[in-house]
Amino acid sequence: MNPVLRWGRTLGFALTLPVILVTLWWVWSADSTNYYAPPLQTILTTFGDVWFSERLRADVLPSVTRLAIGYTGAVVVGVGLGVLLGANRTLRRVTEPVLEFFRAIPPPALIPILFLFAGIGDTAKVIVIISGAVWPVLLNTVEGVRAVDDVLSDTSRSYGVTGAARLRHLVLPAASPQIVAGMRQALSISIILMVISEMFASTNGLGFSVIQFQRSFAIPEMWSGILLLGLLGFVLSLLFQLFERRSLRWYHGLRRSQRGEN
Amino acid sequence: MSTTEVRPAHAGAEPVRRRRPELPSAVLGLGGLVVFAALLELLPRTGIVSADYFPPFSEMVRALVEAAGTDRFWAATAETVQAWGIGLGIALVAGIGLGLLIGSVELLRRFTASTIEFLRPVPSVALIPLAVLLLGLGLQSTLLLVVYASFWQILIQVVYGVQDVDPVARETARSYHLGRWARVRYLIWPTALPYVMTGVRLGAAVALILAVTAGLVGIGTGLGAEIALAQSSNAVPLVYGLVIFTGLLGVVVNLVARALERRTLAWHSSVRADVGG
Amino acid sequence: MTQPLLDVAGVQKTYTGSGRTVEAVRDLTFSVGDGELVCIVGPSGAGKTTLLKCIAGLLEPTAGTVTLAGARVDGPPEAMAVVFQEYGRSLYPWMTVEGNVELPLKQKKLDKARRRELVRDALEAVGLADVHSAYPWQLSGGMQQRVAIARAVAYEPKVLLMDEPFAAVDAQTRADLEDLIRSLWHKLGVTILFVTHDIDESVYLGQRVLVLSSSPTVIMEDLAIDLPDERTQLETRSSPRFAELRGHVYEQIQLAKHRKGDQHQRDEVTPARTAHGATVAAQHDS
Amino acid sequence: MTQPLLDVAGVQKTYTGSGRTVEAVRDLTFSVGDGELVCIVGPSGAGKTTLLKCIAGLLEPTAGTVTLAGARVDGPPEAMAVVFQEYGRSLYPWMTVEGNVELPLKQKKLDKARRRELVRDALEAVGLADVHSAYPWQLSGGMQQRVAIARAVAYEPKVLLMDEPFAAVDAQTRADLEDLIRSLWHKLGVTILFVTHDIDESVYLGQRVLVLSSSPTVIMEDLAIDLPDERTQLETRSSPRFAELRGHVYEQIQLAKHRKGDQHQRDEVTPARTAHGATVAAQHDS
Amino acid sequence: GGSADEPTTETEGGLAQVTVGIIPIIDVAPIYLGQEQGFFEERGIELELVPGSGGAAAVPGVVAGDFDFAFGNVTSLLLAQTQGLPLQIVSNGTASTGDPATDFSAVVVPADSPVQTAADLAGKTVAVNNFKNIGEVTIRKAVEDAGGDSSTVEFVELPFPDMPAAIANGNVDAAWVVEPFVTVATGQGARAVVRNFAEPVEDLTVATYFTTEQMLAENPDLVDDFQAAMAESLQYAQDNPEELRRIITTYTSISPETAEQIALPAFPEEIDVESMETIAELMAEYGITEETADVDALLATD
Ligand SMILES: Nc1ncnc2c1ncn2[C@@H]1O[C@H](COP(=O)(O)OP(=O)(O)OP(=O)(O)O)[C@@H](O)[C@H]1O
Ligand SMILES: Nc1ncnc2c1ncn2[C@@H]1O[C@H](COP(=O)(O)OP(=O)(O)OP(=O)(O)O)[C@@H](O)[C@H]1O
Ligand SMILES: [Mg+2]
Ligand SMILES: [Mg+2]
């Protein structure tokens with residue numbers, strides 16, 4: 001297919017449903033008198049005023065920076081720990097309850113404890129993001145590593161592909177479809193936790209702004225912030241898709257190959 | 001050729017899967033928890049953190065035990081568990097149902113992808129005013145938050161799982177004319193099950209978190225509200241006691257999920273390897 | 001004796017994707033009568049699996065058509081069973097042997113008693129009656145392959161496609177299974193396409209043997225096997241006509257290995273031109 | 001001619017788990033000299049794969065020991081290569097053909113030039129020089145199997161274990177590969193254990209042929225192949241001695257199929273007792 | 001919950017069911033006392049007190065009709081007023097005692113802090129529970145009154161419960177806390193430097209009970225009854241501090257010992273309109289609101 005056409009189609013797929021939903025929202029809210037659900041038009045006008053300004057640098061940039069660091073941290077910790085736990089049954093059994101314990105603790109309850117150990121600066125916020133986003137990566141990595149095909153595993157062992165080489169050439173690629181699923185989950189969770197972390201001890205940030213708007217009853221502004229969060233998620237997921245296509249090229253090729261699609 | 005060139009084993013090679021007598025998971029897991037508890041006890045006792053803000057583990061437990069003597073505590077627990085259970089139930093049914101649908105219909109997946117990616121990162125907490133406005137305070141709003149947060153986690157896992165169907169297995173199903181329903185039941189579902197189980201475990205914890213958080217931020221009742229109350233009263237050991245209790249709920253939830261997994265995934269290589277043989 | 005059931009006309013299949021374009025099948029035209037047993041042989045990578053998948057409606061040919069009972073095949077036709085070359089992956093690891101064999105029968109809406117009977121008979125026929133409740137991954141390679149065969153047999157198809165179905169079983173079992181297939185064929189009048197690498201097997205089993213060339217593939221030979229219909233392992237295989245036919249197919253295969261679709265037209269074989277490893281003539285594929 | 005390199009002593013293997021207990025291998029004792037080429041034949045499900053995995057250090061025997069070069073095997077020994085029966089699943093789908101063959105060489109810390117040379121030579125030897133940059137899942141079954149063989153060959157092992165390595169390739173390729181294995185064996189002095197279902201192949205290839213009984217498995221026959229060392233497909237296979245040996249193995253296999261480890265002791269075969277399908281004697285396994 | 005059209009439901013005994021959103025802190029003790037004493041029941045009201053975290057949930061709760069009334073601090077209500085939310089104040093909630101020695105709110109610093117007066121807070125980081133709220137307004141006023149530059153004070157948001165730890169760990173220079181955290185913090189060695197409710201604004205009304213304009217228009221009698229019952233409750237609370245200290249321990253987790261020590265707020269029946277106007281002006285001055293909130297519009301005068 002010619003690339004222009006393909007791009008057009010992709011774009012069509014990506015935009016159809018959002019356009020329908022936005023239209024519905026627009027119509028439904030057009031003469032809303034509900035204070036908390038202002039007309040979409042108002043929200044969009046506000047959007048321009050609020051975000052195409054100094055705030056972009058002052059609030060969005062710091063947020064995205066913390067998000068990037070936190071997300072990277074979550075992936076590194078999640079995959080690292082996941083490989084360790086996935087490969088070692090005893091270790092997994094010892095640590096599982098403790099990890100599950102931490103996993104069930106709500107970040108807002110965890111934050112005060114974090115403040116005690118990490119202060120109230122950016123470090124604590126990054127840790128909050130990591131502490132929440134690490135789980136999908138970790139769990140998926142553990143399961144992916146556990147599920148490595150036994151014939152492949154035997155092959156590697158008999159050819160002496162052990163240690164780091166085993167990790168690099170067998171374990172990580174084999175688990176990669178599941179790891180990527182976890183990473184995708186973690187991406188949106190990171191954004192959510194970015195907002196939650198900015199509810200405490202913050203002076204700037206996207207989440208901080210949304211919460212402040214909410215508290216000061218600037219409802220269209222708050223909605224515009226939520227829109228921006230959604231857009232951020234969408235853009236990041238596009239980037240993620242590029243990454244996924246590259247890193248799982250073999251996998252998608254394999255899945256497609258016998259469907260007669262190529 | 002000399003035989004000495006054939007060395008017995010690769011350096012660093014793993015040993016053959018040996019039937020070593022192994023401690024049961026329960027003992028190992030409990031061991032992990034005990035070590036963790038000891039750490040919590042030692043941190044304030046050795047003065048690394050001030051006991052004013054981070055009381056020793058024993059005090060947390062004492063406060064928790066004290067609270068556990070009251071009906072109020074159990075009522076709160078029941079409320080949280082109820083919100084959790086109902087919310088997770090809804091999220092599971094919706095997430096798995098839609099996941100199977102979206103995952104197996106390529107067109108649907110393409111049409112919904114952008115919207116899903118847009119909605120997923122919207123934090124539940126930002127939806128609080130909307131939730132209160134639409135559904136009022138109490139269980140319904142709490143449920144909205146719980147469902148909204150855990151639904152996406154389950155959905156994404158299912159969608160990825162569905163795409164993991166082995167091409168040869170898929171062709172087998174096609175050539176034997178398995179209908180749509182049979183294909184879902186006998187091919188897609190079992191393939192996606194490992195992903196789904198991970199989704200269930202992720203979703204269960206997130207649902208619990210939101211069930212508690214709703215109380216913490218004041219739109220629901222239950223353990224979260226109790227924690228918030230204890231916080232605003234400076235009952236520090238009780239705060240931690242309640243947090244510990246929440247964590248333990250999570251451990252129990254995971255135990256249940258694991259048991260479920262062992263039953264449903266006995267055929268899967270990950271569980272096979274664990275059972276040994 | 002037979003009326004045409006399956007018609008393969010000008011089928012061509014080119015795989016593209018991941019930076020590699022392979023013309024697996026160049027131009028295949030043949031037809032199979034109702035109730036015929038046709039064996040297909042050809043070098044590794046010739047496109048036998050590709051051809052079978054096209055016939056099974058699992059793969060769309062790049063060009064040409066497959067017609068079954070007068071209707072163009074554009075999806076898996078009904079009453080057709082396939083035994084895949086990758087037998088291990090075609091069994092569902094989450095089901096027992098029995099469950100695997102039974103699954104397609106459920107789809108046929110047979111009642112429970114009938115299903116159970118078919119499953120039991122099929123498993124017995126392939127010598128696996130005692131492992132019905134094991135999981136596929138608890139079985140040896142040959143046993144797995146026999147489960148896949150049992151599944152196809154129990155399905156009672158009108159058309160049976162088999163892709164090297166006996167590759168993983170021992171000689172004795174293989175002979176038994178060959179006889180099983182022939183007796184099924186006699187009993188049920190099923191039309192069978194049978195891909196094999198074993199030349200003796202192709203001659204022993206088939207009414208016709210199709211010899212494919214190397215990829216890009218054309219048909220090098222369409223050989224009628226004029227052995228008596230009643231065949232037994234010992235007698236048939238030791239008959240002089242068997243040896244003759246066997247020798248002929250063997251020769252063709254050897255030619256085929258170094259012969260590609262662009263080097264000859266069907267029935268115009270010129271052995272002298274086949275030089276080992278020589279790539280002759282311009283490739284027509286882009 | 002040879003000194004003992006591999007010693008299999010009283011190996012027994014019982015699979016337990018998922019409610020099914022199978023005594024796959026009852027009692028195997030034999031040894032293989034340094035530089036020997038031993039073929040193993042036996043009915044499907046006899047435990048050949050199980051035995052090979054025990055020797056490869058991938059599976060721990062329930063009882064008995066495997067000793068290699070004087071040291072007990074309790075993990076994959078160095079300088080040993082294995083070609084798995086499930087060839088499709090033993091290739092890394094995320095690596096190209098080349099990558100698959102090269103990976104073990106990287107592990108051996110060979111330099112890039114040498115690796116490239118070995119990979120190229122091995123792929124050429126199995127006739128796959130032109131697909132080096134394809135992914136395994138873009139190949140036909142027989143091609144995949146040849147990649148697995150190329151990987152083992154390029155590895156230049158001291159001991160080579162092959163589990164039905166030619167099951168998926170055509171007759172001509174099979175013959176070529178047989179000759180490849182014998183020439184490698186001559187050239188490099190590698191010790192080879194070769195599992196096959198093809199009786200002719202076992203006789204043509206081996207210096208010895210081990211015939212296994214049905215599961216639970218014992219050794220039914222340990223046959224020395226006294227054919228000349230220099231073998232060619234045409235001559236060797238048409239020699240009368242070949243036919244004799246072949247016939248002998250064939251007979252044994254037929255016996256083996258209905259003979260289990262608990263029905264006879266090695267070398268005490270009583271053909272009269274083998275009735276088709278009859279399950280004789282009490283099973284000792286729980 | 002109910003809806004705005006039909007804010008009350010009759011209970012079996014013929015009482016009007018009234019839902020009030022409160023925050024489980026010391027400030028709402030009078031309503032609990034009034035409920036216990038039967039002041040509401042006497043007027044045909046059966047109270048349901050719903051604890052929440054205030055602010056974010058309480059205002060939409062009232063707007064959506066989930067709450068008939070709710071408790072909220074004056075800055076939040078003034079802010080809402082400038083944003084056009086249809087809220088009406090119906091009763092006083094809490095007020096400062098006006099006594100710098102014993103007020104229930106204070107800015108605390110570590111004992112060894114160089115900060116001695118409000119003026120010293122200039123250029124320091126000060127923790128408040130919410131930005132742009134009553135703490136920030138009163139502290140800035142106090143700093144200015146003491147001759148400091150209030151625009152240089154750097155505010156940081158922290159929940160009250162985390163503040164004692166934050167100043168002890170040096171995460172912030174100072175923190176604004178209310179009881180029981182004033183007692184907690186000073187008990188752990190902190191020092192109160194400013195009584196920001198007592199000093200900068202005279203007779204400061206801190207928080208009030210409010211409802212919607214709609215409620216006021218549709219159920220004026222109920223609002224009257226509620227006001228009257230609240231007035232009696234406030235008076236009772238003012239007169240019976242021991243009762244107050246007792247009831248606090250029933251709906252919070254504050255221990256009886258702490259309850260004995262804490263400083264109590266004042267509970268006058270009347271709202272101090274002047275203090276509210278001052279706050280409204282300060283909010284505009286500090287840029288918290290764009291225009292000065294209309295205090296009169298916010299006060300229900302029937
Ligand atoms: N999914 C695919 N993508 C790309 N190329 C493919 C794919 N499947 C098969 N091919 C190519 O098509 C050609 C024919 O493959 P096919 O599997 O049909 O051969 P075959 O005759 O079945 O061989 P064998 O006897 O080894 O199984 C081969 O060159 C192979 O590399
Ligand atoms: N993982 C397993 N779990 C349980 N039983 C197994 C397992 N693997 C093999 N078996 C059983 O052990 C027996 C021997 O299997 P094995 O794979 O060794 O046979 P084989 O001789 O290689 O057969 P084939 O020629 O068919 O490949 C079989 O009965 C099989 O069912
Ligand atoms: Mg094939
Ligand atoms: Mg085997």
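Chains as they are written, first to last, in this note's numbering: chain W, 1 to 262; chain D, 1 to 277; chain L, 1 to 286; chain V, 1 to 286; chain U, 1 to 302.
We treat Cβ as the ideally placed atom computed from N, Cα and C, and that holds for glycine.
- Proximity of the beta carbon of residue 123/W to ligand 4 is not indicated: no heavy atom of the ligand is located closer than 7 Å.
- For residue 201/W, at least one C-beta of chain U is nearer than 8 Å to its own C-beta.
- In the three-state reduction of the DSSP assignment, residue 132/W falls in the helix class.
- In summary, the residues of the region 80 to 94 of chain V whose CB is separated from some CB of chain L by less than 9 Å are 85, 86, 88, 89, in the order they occur in the chain.
- With respect to residue 216/W, residue 43/W sits apart: the two C-beta atoms are not nearer than 8 Å.
- CA-to-CA, the gap between residue 75/V and residue 143/L works out to about 27 Å.
- Look at the beta carbons and you see the region 134 to 148 of chain U not touching the region 85 to 96 of chain W: under three pairs across the two are nearer than 8 Å.
- Distances from the CB of residue 31/L to the heavy atoms of ligand 3 are all 7 Å or more.
- In the three-state reduction of the DSSP assignment, residue 222/V falls in the strand class, which pools E and B.
- Here residue 176/U carries a strand assignment [DSSP, helix/strand/coil].
- Within chain V, no residue has its CB atom less than 7 Å from the CB of residue 71/W, the nearest being about 24 Å off.
- Among the residues facing chain V, residue 248/L is not included, as its CB has no counterpart in that chain under 8 Å away.
- Rounded to the nearest whole angstrom, the C-alpha separation of residue 31/U and residue 89/U is 16 Å.
- Distances taken from the Cβ of residue 85/V to the heavy atoms of ligand 4 include one shorter than 7 Å.
- Closest option to residue 29/U, judged by alpha-carbon separation, among 77/U, 195/U, 95/U: 95/U.
- The contact set of residue 124/D on chain U, defined by CB atoms closer than 9 Å, is empty, because the minimum CB distance reaches about 13 Å.
- Taking CB atoms only, residue 71/D has no neighbour in chain U less than 8 Å away.
- Between residue 238/L and residue 168/D, the gap from beta carbon to beta carbon reaches 8 Å or more.
- Secondary-structure assignment with DSSP links residue 92/U through a beta bridge to 208/U.
- Under the Cβ distance rule, residue 241/U does not count among the residues neighbouring chain D, no pair being separated by less than 8 Å.
- At a C-beta separation below 8 Å, residue 59/U has these neighbours in chain W: 217.
- Distance from the C-beta of residue 152/D to the nearest heavy atom of ligand 1 is not below 7 Å.
- Here residue 77/V is buried, its C-beta having at least 16 other C-beta atoms within 10 Å.
- In the structure shown, residue 164/L falls within a coil segment according to DSSP collapsed to helix, strand and coil.
- It is roughly 33 Å from the alpha-carbon of residue 77/U to the alpha-carbon of residue 66/W.
- Of all residues in the region 154 to 185 of chain D, the ones placed with a Cβ closer than 7 Å to any Cβ belonging to chain L are 166, 168, 169, 171, 172, 174, 175, 176, 177, 178, 179, 182, in chain order.
- Within chain L, no C-beta atom comes nearer than 8 Å to that of residue 121/V; the closest sits roughly 15 Å away.
- Beta-bridge partners of residue 39/L (DSSP): 194/L, 209/L.
- No heavy atom of ligand 1 is found nearer than 7 Å to the CB of residue 115/V.
- A Cβ-Cβ contact shorter than 8 Å links residue 41/D with residue 56/D.
- For residue 255/U, DSSP assigns no beta-bridge partner whatsoever.
- The beta carbon of residue 90/W sits closer than 8 Å to some beta carbon of chain D.
- The count of Cβ pairs closer than 8 Å, one atom from the region 233 to 247 of chain U and one from the region 152 to 165 of chain U, stays below three, leaving the stretches out of contact.
- For the region 126 to 191 of chain U, the continuous beta strand (DSSP E) assignments of 3+ residues that do not extend past its boundaries occur at 154 to 157, 174 to 178, in sequence order.
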